[in-house]
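In terms of full-length UniProt numbering, the sequence shown opens at residue 1 and continues consecutively.
Note that the Cβ used here is the ideal one computed from N, Cα and C, for glycine as well.
Just so we're clear, the structure is a prediction, and the values are computed from it rather than from any experiment.
For reference, the structure is listed below as C-alpha cells.
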Amino acid sequence: MASIKPYQFEPESDPENFDEDDGAFPVQERLLNDVSEWCTCNNCAKMPTEEENICCKEIQKVVKRMMEVPDPPKCMVEHPGFEPNCLNPYTLQNINNIYRADYGPVRRRNEEERFRYLAYRSFVSWCWGYLGRSVRIVIPSCVVNRIRLQFPDPAGQYVGFRPPLD
C-alpha cells in the first residue's frame, strides 16, 4: 500500500529566482549605531526598524544587478536603470495598468503614494523577478529614500516594511 509522503505535491523552489542566502548580512543593533557603521554606499538613511536598515551592497540580488553594467555604481540609486525603472512616472503609469489588469486598481490616497508603491514593486521585480503572492522583500534604505524623495508624502508620513500576513 502506497503511503502519503509529506510535501510530495509541493512545488520546488526555483533557485534562479531565490537564493538561500539572498537576504542581508546579519543586522545587529543598527538602530543604535550611526548609519556610516553599516552603510557602504553613502546614500542610506536611518530607518525606523532594524530590518529596514540595510544597504544596497548587502543584498546579493541587488549587487548582482549593480554589477551588470560596465562601470558598476557605488550605490543602486546611481545605476543607469534605476531611474527609468523606478522613478519615471510614465513607466510607473504603465506598471499601474499592468497591475490593475492582474489585481485591480491600486488603492492609495494620492498619486505620490501610488507611485511610491509602484516604484517599490518595480524595484523588487527588477532585482528579484516574480516572488509569488504574499512574498515580501526588504528594500535597501538608499532605494526607499530615493523613491520617497521623488514621490514625497505631503505630511511626511510613511509606512515601512510590513511582513506578509500568515
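Extent of the continuous alpha helix (DSSP H) to which residue i belongs
| i | result |
| --- | --- |
| M66 | Q60 to M66 |
CA nearest to the CA of residue i, picked from the options
| i | options | result |
| --- | --- | --- |
| N42 | N96, R162 and N145 | N145 |
| P89 | E68, H79 and S122 | S122 |
| R136 | I147, I95 and V124 | V124 |
| L87 | E113, V63 and D102 | E113 |
| S134 | W38, P164 and L32 | P164 |
| F161 | T49, A155 and A45 | T49 |
| S141 | G156, P70 and T40 | T40 |
| W126 | M66, N110 and Q93 | M66 |
| I147 | D34, E37 and A45 | A45 |
| R109 | D153, V62 and V35 | D153 |
| V143 | T91, R116, Y130 and G129 | R116 |
| V159 | N85, M47, R30 and E58 | M47 |
| V62 | P70, V69 and M76 | M76 |
| I139 | N94, G132 and W128 | W128 |
| Q93 | L32, S36, Y103 and E111 | E111 |
contact_flag[the segment 105 to 120, the segment 45 to 54] where n(CB pairs < 8 Å) is 3 or more: No: the two stretches stay apart, fewer than three of their Cβ pairs being nearer than 8 Å.
Alpha helix (DSSP H) segments (min. 4 residues) lying fully within the UniProt domain "P2X purinoreceptor 7 intracellular" (32 to 162): Within the UniProt domain "P2X purinoreceptor 7 intracellular" (32 to 162), the complete alpha helix (DSSP H) runs of at least 4 residues fall at 60 to 66, 89 to 103, 111 to 128 and 141 to 150.
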